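Numbering (the working numbering), first residue to last: 20 to 952.
A virtual CB, placed ideally from N, CA and C, is assigned to each residue, including glycine.
Everything numeric in this text was worked out from a predicted model, so none of it was measured.
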């Protein structure tokens with residue numbers, strides 16, 4: 020039907036609705052109701068009336084009831100289907116599925132996979148071959164495969180965390196179509212044009228001439244992205260991009276390096292705008308801790324903006340030794356420095372009181388960087404404090420001037436000559452000098468050398484053997500313009516010219532701003548001698564540390580990731596996926612989109628193709644509901660006729676008819692519902708009829724469906740490999756259901772979910788104390804920061820801590836190698852799930868120091884551990900679809916990882932059922948010897 024997701028298997032049967040007027044005419048008449056007549060013999064002849072009786076009319080509401088029942092039967096016979104399949108028509112030509120799999124497809128990835136599954140199922144019914152073409156892999160060979168193989172291959176795909184170029188795949192598609200001949204093509208588009216979209220649609224249109232093309236677009240969540248984060252003077256801002264105008268508002272969350280929330284910012288779009296701005300009005304100290312910005316509820320790498328030290332806004336103290344700042348503020352060195360630093364730093368001027376007082380104040384405030392312009396002699400106390408501050412990581416930048424030229428100060432990187440070199444003076448130049456070069460291992464490496472900057476006066480350095488190694492910028496005559504050195508953890512730098520325009524025009528150039536930016540980047544970080552750009556290692560490239568997947572989650576770098584230049588500033592690519600690169604203490608962030616990137620809706624109107632929409636609901640056959648409703652109406656009609664024939668018509672018409680009819684309609688509408696309450700006795704009978712595994716129902720539909728499939732998969736594996744033939748797993752609510760029936764309860768942790776009520780916590784505590792085992796799975800091992808093997812900083816582990824804070828949990832330890840859990844059924848070294856990097860924790864075993872205990876093959880303690888904690892997402896690895904295929908991919912996806920995940924589940928179940936009997940293997944030699952006697 021137009022405008023509705025409804026179709027009919029036999030639409031011609033709807034012509035039966037034309038018979039409803041005839042039914043109305045036939046149903047108007049009903050036999051007259053029998054009359055009650057007094058029958059005394061003497062009045063027999065007087066009461067007989069010889070007139071002709073006519074039938075009475077059927078009530079209009081009863082006729083309407085019957086017509087409604089007849090219409091429901093006609094609709095049911097036509098085979099109505101809600102959300103019908105919108106795949107390709109039946110054909111014998113092979114099916115080619117073009118799959119957008121860039122970052123912009125992640126938000127609608129589930130809908131895209133469901134649509135591809137539907138297409139593959141249709142092709143399987145028609146016995147057609149299927150070719151899968153991910154548009155991110157231009158070098159991939161396109162081959163036809165059976166539908167079952169294509170379904171397995173489809174599960175191996177995942178959205179890429181970078182923008183894809185669809186045009187690169189056109190040659191491969193052209194070669195395949197020429198070799199195949201006739202083919203039907205389905206393009207599962209994400210509707211986003213990140214560049215060259217018109218070129219791709221034009222090229223695709225030429226390739227699919229005389230072929231059937233279906234484009235899937237719409238009906239799924241559209242992509243949003245973050246770009247151009249800026250830590251401005253008063254707030255941090257970030258641009259939010261969208262492709263469709265249906266999204267009107269949202270929230271951007273700010274997280275620190277550990278994943279803890281720092282703040283949230285709301286944003287809203289104007290009706291026709293495709294970009295807006297979210298701002299965080301936070302103190303600069305909090306803004307500097309932001310390491311990740313993300314759109315709440317959005318699952319894509321483009322919706323994440325990673326921030327490194329380049330986005331930190333540092334506080335810089337500026338002190339001037341000059342006395343004419345107040346008289347000529349627009350010519351003072353503080354004016355030039357404030358203008359140059361303000362775009363990327365919070366400038367604090369020490370313009371009141373003596374310079375030494377301002378320096379002491381800045382040291383008390385623990386500023387990471389101090390700039391001193393023409394500050395000469397300092398007191399021994401201030402010099403001592405400055406030296407200690409530099410050793411702890413402070414950055415001191417000094418500018419020359421008359422006072423510095425006459426001072427004898429050791430807070431400079433090189434030894435200076437007394438006096439200065441002046442144009443026309445004793446150490447004269449014939450003409451002003453130009454800037455010659457920046458050293459390759461200094462902080463200014465990579466900056467363009469300007470040719471328009473001239474220097475007319477400078478403070479000279481005494482030549483020595485190390486002067487060249489400390490020179491970061493030099494003039495054409497070889498004398499240094501900027502020198503610097505590392506002291507302890509900090510840096511001391513000197514500009515051999517003034518910070519105003521009297522000695523040089525450098526302060527009036529853009530290069531001056533970039534040089535100060537590089538120096539500010541060095542502040543607040545541990546720097547070592549020999550460091551290069553911005554305190555980074557001297558190496559020209561940095562290796563990937565952690566990268567984002569297409570859904571915006573951190574994980575280990577893929578095999579395709581390569582080291583990148585330390586000054587890389589572009590968008591993410593296949594070789595350089597988004598994430599963090601370099602050392603863990605000062606990583607460099609690479610984001611999916613560059614600052615200037617924008618997204619737009621993909622225009623496919625020029626293509627001659629069928630249009631289909633992604634659907635988020637499965638097709639539903641409505642025949643059962645309609646037939647049940649019709650049956651209820653027929654029963655209601657029979658009841659009404661019986662009541663009318665029994666002489667209760669008057670009472671029915673006066674009072675009871677409206678109420679009874681309303682009640683009947685209510686019962687009829689509730690008849691098709693399959694929801695029913697299960698009392699405690701039925702639950703207990705079901706739980707004790709067979710040994711069953713249980714899992715906690717979290718209320719999150721996606722998590723619960725995966726966990727249910729995982730527990731079912733483990734139950735099937737147990738039946739295949741062991742003597743245990745358990746029943747179907749049972750979902751439980753700890754606050755409502757009895758838990759004593761189950762030997763093992765699997766509890767998936769959902770970050771952000773409300774903490775269970777105290778009654779549920781008390782029941783779990785009693786369950787564990789009475790011999791039950793609870794397996795807590797935070798399912799986020801891949802999100803653990805580097806070096807955090809325990810995963811204690813992940814959102815899932817923090818949510819678990821909230822739950823365990825009210826439980827009497829024993830002391831825990833990672834599963835030792837000699838624990839009986841590693842030998843219960845299979846010999847295991849670890850307990851992998853979807854992930855392999857997480858640890859598994861159990862109750863701490865009692866320590867045994869005797870020699871006999873050291874020789875035991877297994878130790879199990881006094882009983883079964885009441886609690887097991889993991890983060891490897893065991894249920895995700897166990898989850899099996901109805902067709903026998905795995906539901907979720909694995910990370911890193913080693914060949915036998917899923918098999919070992921099932922083996923880990925078998926060991927856990929056998930451990931909870933049989934206890935620590937394996938630990939008694941220590942007695943095996945004695946028993947064998949006794950049997951031999």
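| Check | Outcome |
| --- | --- |
| Would residue 410 and residue 508 be called neighbours here (beta carbons separated by less than 9 Å)? | yes |
| Could you round the C-beta distance between residue 314 and residue 271 to whole angstroms and report it? I think they count as a contact, below 8 Å. | 6 Å |
| What does a CB cutoff of less than 6 Å around residue 778 pick up in its chain, not counting 5 residues either side in sequence? | 754 |
| In the DSSP assignment, find the alpha helix (DSSP H) that holds residue 917 and state where it starts and stops. | 916-933 |
| Short of 8 Å in beta carbon distance, which residues of its chain neighbour residue 836, apart from the five on each side in sequence? Order them along the chain. | 848 |
| Looking at the structure shown, is residue 795 part of a helix, part of a strand, or coil, going by DSSP? | strand |
| Drop a sphere of 10 angstroms on the beta-carbon of residue 614, count the other beta-carbons inside from all chains shown, and report buried for 16 or more, exposed for fewer. | exposed |
| Between residue 204 and residue 168, is the Cβ-Cβ spacing less than 9 Å? | no |
| Would you identify the three-state DSSP class for residue 611, choosing helix, strand or coil? | coil |
| Under 9 Å, do residue 303 and residue 365 count as touching if we go by C-beta distance? | yes |
| From the DSSP output, read off the bridge partner residues of residue 574. | 566 |
| Identify every run of the alpha helix (DSSP H) within the region 501-528, keeping only runs that are complete inside it and at least 4 residues long; order them along the chain. | none |
| State buried or exposed for residue 915, treating a residue as buried only when at least 16 other CB atoms are found within 10 Å of its CB. | exposed |
| What residue range does the beta strand (DSSP E) around residue 116 cover? | 114-118 |
| Please work out which residues of its chain come closer than 7 Å, Cβ to Cβ, to residue 815, disregarding the five sequence neighbours upstream and downstream, and give them in chain order. | 768, 770, 797, 798, 799 and 890 |
| According to DSSP, is residue 598 helix, strand or coil? | strand |
| With a threshold of 7 Å on Cβ separation, who are the neighbours of residue 34 within its own chain once the five nearest residues in sequence on each side are excluded? | none |
| Could you give the DSSP three-state label for residue 461: helix, strand or coil? | coil |
| Could you check whether residue 97 and residue 139 sit closer than 9 Å to each other, using their CB atoms as the reference points? | no |
| Roughly how many angstroms lie between the CA atoms of residue 111 and residue 233, to the nearest whole one? | 16 Å |
| Select from 518, 301 and 623 the residue whose C-alpha is nearest the C-alpha of residue 6. | Outside the displayed range of the chain (20 to 952) lies residue 6, so it cannot be described from this structure. |
| For residue 889, write down the residues that DSSP places opposite it in a beta bridge. | 796 |
| Could you name the residues of the same chain whose beta carbon sits closer than 6 Å to that of residue 38, not counting the 5 residues immediately before and after it, in chain order? | none |
| Counting C-beta neighbours from all protein chains within 10 Å, is the total for residue 36 16 or more, i.e. buried, or is it exposed? | exposed |
| Starting from residue 709, follow its DSSP beta bridges and name the residues at the other end. | Bridge partners of residue 709: none, in fact. |
| Buried or exposed: residue 80, going by 16 or more other Cβ atoms within 10 Å of its Cβ? | exposed |
| Taking buried to mean at least 16 other C-beta atoms within 10 Å of its own C-beta, is residue 926 buried or exposed? | buried |
| Distance check for residue 206 and residue 114, CA to CA, integer angstroms please. | 11 Å |
| List the whole-angstrom C-beta distance separating residue 917 from residue 909, where the pair is believed to meet the contact cut-off of C-beta under 8 Å. | 6 Å |
| Within 10 angstroms of its Cβ, does residue 197 collect 16 or more other Cβ (buried), or is it exposed? | exposed |
| Give the DSSP bridge partners of residue 164, in chain order. | 149 |
| Pick from 464, 404 and 501: whose alpha carbon is nearest that of residue 479? | 501 |
| For residue 137, count neighbouring C-beta atoms within 10 Å of its own C-beta (all shown protein chains included) and say buried if the count is 16 or more, exposed if not. | buried |
| Between which residues of its own chain and residue 78 is the CB-CB distance below 7 Å, once the five residues before and five after are set aside? | none |
| Could you give the residue range of the beta strand (DSSP E) that holds residue 249? | 243-250 |
| If you draw a straight line from the alpha carbon of residue 151 to that of residue 654, how long is it in whole angstroms? | 53 Å |
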